[in-house]
Structure formats: C-alpha cells, structure tokens
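Take full-length UniProt numbering: the final residue in the sequence shown is number 81, and no numbers are missing along the way. Shown next, in structure tokens, is the structure this report addresses.
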Amino acid sequence: MGKHSIDVAFCPCCAHRTGSGTCPVCFWTDDGSTDENAEVARGGPNGDLSLAHARLNYAIYGASHPRYQDAVRQPRPDELP
Ligand SMILES: [Zn+2]
C-alpha cells in the first residue's frame, strides 16, 4: 500500500480512491451525494445527473456522463478500490 493512500476518499461514483473534488477516472464531482440519496440530482456541479445515473453511465461508458468519455483516464494501481 502506498503511504499516501491513507485518508484519500473513495469516489462515490466509480469507487476508486481519487479523493474529493472531480474524479479523474469517471469525472463525477463529489457533491455530497451518498447511497441514501443516490437517486436525487442535486443540480450542483453534476447538473441534472444523479449519483445513481452517473454510476450507470460509468458502467456503460467508463465515465459518469458520455460527454466525459474523452476526459477520463484509467485508474492508477494505488487508486483501485
Ligand atoms: Zn470516480
């Protein structure tokens, strides 16, 4: 385990350890959405995209929204869930 992997948050969308903010692996921006409110689109940085929808998109497109397909990158080994 890398020593810097401690205290880095998991992305709520793709589950990689990319910290808070905009995830480079799926391009979801952490807006506080959790499993409890995953169906709610908060209208913040993710617009009308809910966490549940973003997870579905990630499963299909490898990005939280198809428009981010060219922006995302593969996770690094130390970011794996
Ligand atoms: Zn992510």
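Each residue gets a CB set at the ideal place from its N, CA and C atoms; glycine is no exception. Computed from a prediction, not measured in an experiment: that's the story for all the values here.
So does Val25 have its beta carbon nearer than 7 Å to some heavy atom of ligand 1?
Here the question's residue 25 lines up with position 25 in the sequence shown. Yes, Cβ of Val25 sits closer than 7 Å to a heavy atom of ligand 1.
Taking the continuous alpha helix (DSSP H) assigned at residue 153, which residues delimit it?
This structure cannot speak to residue 153, because the chain is shown only from 1 to 81.
Classify Asn46: buried if its beta carbon has 16 or more other beta carbons within 10 angstroms, exposed otherwise.
Within the sequence shown, numbered from 1, the residue matching residue 46 stands at position 46. Its Cβ being crowded by 16 or more others within 10 Å, Asn46 is buried.
Could I get the ranges of all uninterrupted alpha helix (DSSP H) runs contained in the segment 26 to 64, with 4 residues as the minimum, in chain order?
DSSP runs (the alpha helix (DSSP H)) wholly in the segment 26 to 64: 51 to 61.
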